[in-house]
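Asks: Residue numbering for the sequence shown follows my numbering, starting at 13 and increasing by one per position. Don't be surprised by glycine CBs; every beta carbon is placed ideally from N, CA and C. This one's a predicted model, so the numbers in the text were calculated from it and none came from an experiment.
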Amino acid sequence: MRKIKGSGLKANTLKSMIKSTYARSELEGWDKVMDTPEVSAFKHPSGQVVVALRGTEGTAKEEQ
C-alpha cells in the first residue's frame with residue numbers, strides 16, 4: 013500500500029464540498045464515487061477520498 017502525505021483540505025474546498033453534498037451536484041476536480049440521501053464521497057485524481065455525511069433532514073422519520 014502506498015503512503016499518501018497530505019496537507020489537508022483548503023477551507024474553500026471544504027465549503028464547496030458541503031454545498032455540493034446538499035445540492036447533490038458535482039464538484040470540479042473531484043469524482044463523486046458515492047451519493048446516497050445520507051452520504052456523499054468524493055475522490056480526487058491524487059487518490060485522496062473525502063466522505064461527507066449529510067444531516068437527516070428529509071430522510072429520518074419520527075415515530076408517532
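Tell me K55's beta-bridge partners as DSSP assigns them.
Replies: Partner(s): D43, V61.
Asks: Should L39 and M29 be called a contact, given that it needs their Cβ atoms to be closer than 8 Å?
Replies: Against a cut-off of 8 Å, the Cβ pair of M29 and L39 comes out as a contact.
Asks: When you compare the CB positions of K31 and W42, do they come within less than 8 Å of one another, or not?
Replies: Not closer than 8 Å, so no.
Asks: Would you decide whether T33 is buried or exposed? Buried here means 16 or more other CB atoms lie within 10 Å of its CB.
Replies: Flag for T33 reads buried.
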